[in-house]
Amino acid sequence: MFDSLFGNYPCIPDRWGEQDQLDDESVKYIQWFKELLLKLAPQLLDQLNRSVIPAAIEAKKIANKLESLQQQKTEILPEIADAKKRVKRNWQKMPKLEEKSWLHIVFPIGLSLMLVLGISEILGIDIQSLTPDQYPLFILGLGGAIFINIAESESITLHVQYIHASKKGAAKITFWQLMKEGHPAFYLALVIIILEIAFATPGLLNLLPPSLSEKLLWQLVVMLGAGLAALVNVTLAWGAALPKLENKEEKLKIVEEIEEKNHQINRQVLVLHNLEEQIQETKQILSDRTARAIREHRRWELSVKHCMRCYRQAVKKFYEQYREIQLENANIYAYDKSNIEQGNGHKTPLNKER
Numbered sequence: 003m004f005d006s007l008f009g010n011y012p013c014i015p016d017r018w019g020e021q022d023q024l025d026d027e028s029v030k031y032i033q034w035f036k037e038l039l040l041k042l043a044p045q046l047l048d049q050l051n052r053s054v055i056p057a058a059i060e061a062k063k064i065a066n067k068l069e070s071l072q073q074q075k076t077e078i079l080p081e082i083a084d085a086k087k088r089v090k091r092n093w094q095k096m097p098k099l100e101e102k103s104w105l106h107i108v109f110p111i112g113l114s115l116m117l118v119l120g121i122s123e124i125l126g127i128d129i130q131s132l133t134p135d136q137y138p139l140f141i142l143g144l145g146g147a148i149f150i151n152i153a154e155s156e157s158i159t160l161h162v163q164y165i166h167a168s169k170k171g172a173a174k175i176t177f178w179q180l181m182k183e184g185h186p187a188f189y190l191a192l193v194i195i196i197l198e199i200a201f202a203t204p205g206l207l208n209l210l211p212p213s214l215s216e217k218l219l220w221q222l223v224v225m226l227g228a229g230l231a232a233l234v235n236v237t238l239a240w241g242a243a244l245p246k247l248e249n250k251e252e253k254l255k256i257v258e259e260i261e262e263k264n265h266q267i268n269r270q271v272l273v274l275h276n277l278e279e280q281i282q283e284t285k286q287i288l289s290d291r292t293a294r295a296i297r298e299h300r301r302w303e304l305s306v307k308h309c310m311r312c313y314r315q316a317v318k319k320f321y322e323q324y325r326e327i328q329l330e331n332a333n334i335y336a337y338d339k340s341n342i343e344q345g346n347g348h349k350t351p352l353n354k355e356r
């Protein structure tokens with residue numbers, strides 16, 4: 003220990019200024035060293051307390067701050083990754099509409115053909131003997147029939163949404179229940195059916211031989227057939243609107259969860275960005291404070307070494323007294339522990355001389 007005072011490396015412990023973390027031997031060495039400086043060069047002890055130790059403590063505090071920031075960054079990175087995985091899983095859980103059965107395809111097509119016949123009859127087109135000059139009118143009638151069917155389906159879907167929004171659980175009410183209750187949606191469906199019968203019947207009758215189309219019974223049969231087809235088409239459209247609405251609501255719920263997670267991710271990314279900026283700033287400050295602490299320590303250490311070279315004999319004598327008192331203190335500790343705890347058993351070279 004004595005030889006280190008004249009070496010080329012620091013002669014003080016790394017953690018001076020944090021004596022609560024030092025072992026007993028280091029504390030004794032510090033006490034001896036300070037008393038040596040107090041006797042030989044009090045200004046160096048003052049420099050130690052005013053410049054060296056505070057600079058080291060400040061650098062240590064900044065290092066602890068940097069470690070804390072890096073720990074926060076380490077903790078937030080897995081949270082962001084986990085949130086992104088949950089968002090990906092939510093997208094994968096997005097519900098898909100089941101494929102429609104053949105009934106949902108065949109009946110609208112059949113009804114559209116019936117409407118084409120009716121519209122063609124109104125436009126004066128003979129389906130059985132089309133001429134080239136009648137093609138534009140036929141195409142117009144075909145497009146009109148298709149758009150009427152699409153509008154019918156969308157109208158029913160909108161009414162189902164309205165019922166669901168106005169009455170809790172109404173989306174589970176079937177078309178027949180609405181018919182029984184006399185709901186406005188039933189009257190809408192009734193109007194649609196009547197209009198489809200009115201459109202389709204003339205065209206269907208025109209397909210029959212004149213001898214049959216003039217009979218009331220066959221006219222009623224054609225009207226009932228058109229009405230039945232229209233009714234089935236309306237109920238199918240109603241039934242298709244229910245899962246479509248449930249699917250839409252489930253999608254909206256998942257999208258809300260995804261948006262919430264994305265907001266959380268954005269907040270965490272912003273926190274991470276701020277942490278990275280603080281880490282870079284703290285690293286720069288730590289570099290400056292560490293360099294300052296090293297400069298203060300080296301400047302003070304050179305002064306201490308110069309002082310001890312000038313007072314080599316005094317230092318050697320002081321150190322020998324220190325070792326002697328250490329042995330005495332060890333013996334006293336063994337025989338009178340309580341006296342040492344009160345501070346009466348600890349001696350130094352200075353209080354021994356007194």
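For the sequence shown, position 256 (counting from the first letter as 1) is numbered 258 according to the numbering used here, and the numbering increases by one without interruption.
Just so you know, even glycine gets a beta-carbon here, dropped at the ideal spot from N, CA and C.
Burial state of residue i, where buried means 16 or more other Cβ atoms lie within 10 Å
i, result
"residue 189", "exposed"
"residue 55", "buried"
"residue 162", "buried"
"residue 235", "buried"
"residue 218", "exposed"
"residue 143", "buried"
"residue 289", "exposed"
"residue 141", "exposed"
"residue 324", "buried"
"residue 122", "buried"
Cβ neighbours of residue i in the same chain (closer than 6 Å, five flanking residues each side left out)
i, result
"residue 215", "207"
"residue 291", "60, 61, 64"
"residue 239", "155, 158"
CB-CB length for residue i against residue j, believed under 8 Å
i, j, result
"residue 38", "residue 317", "7 Å"
"residue 361", "residue 75", "The chain is shown only over 3 to 356; residue 361 falls outside these bounds and no answer can be derived."
"residue 299", "residue 58", "7 Å"
"residue 147", "residue 114", "5 Å"
"residue 254", "residue 71", "Not quite, the Cβ-Cβ distance comes to about 40 Å (not below 8 Å), so this is no contact."
Spatial neighbours of residue i in its chain, beta-carbon cut-off 7 Å, leaving aside the 5 residues before and after
i, result
"residue 95", "256"
"residue 159", "243, 246"
"residue 229", "195, 199"
"residue 130", "none"
Nearest to residue i (by Cα), restricted to the options the options
i, options, result
"residue 124", "63, 155, 200, 191", "200"
"residue 197", "238, 325, 150, 243", "150"
"residue 258", "92, 36, 240", "92"
"residue 67", "297, 222, 284", "284"
"residue 155", "36, 220, 233", "233"
"residue 116", "271, 313, 231", "231"
"residue 224", "322, 120, 293", "120"
"residue 36", "320, 139, 329", "320"
"residue 128", "310, 210, 322, 312", "210"
"residue 205", "126, 326, 192", "126"
Same chain only: Cβ atoms within 8 Å of residue i, ignoring 5 sequence neighbours per side
i, result
"residue 273", "78"
"residue 221", "203, 207, 215"
Review point. Taking contact to mean at least 3 C-beta pairs separated by less than 8 Å, is the region 39-55 in contact with the region 260-269?
Key: As far as the Cβ criterion goes, the region 39-55 does not touch the region 260-269, which means the pair count is below three.
Check your understanding: Is the region 287-305 touching the region 82-90 in the sense that three or more CB pairs, one from each, lie closer than 8 Å?
Key -> Short answer: they don't touch.
Review point. Would you call the region 69-83 and the region 244-252 touching, i.e. three or more CB-CB distances under 8 Å?
Key: Too few Cβ pairs lie closer than 8 Å, so no.
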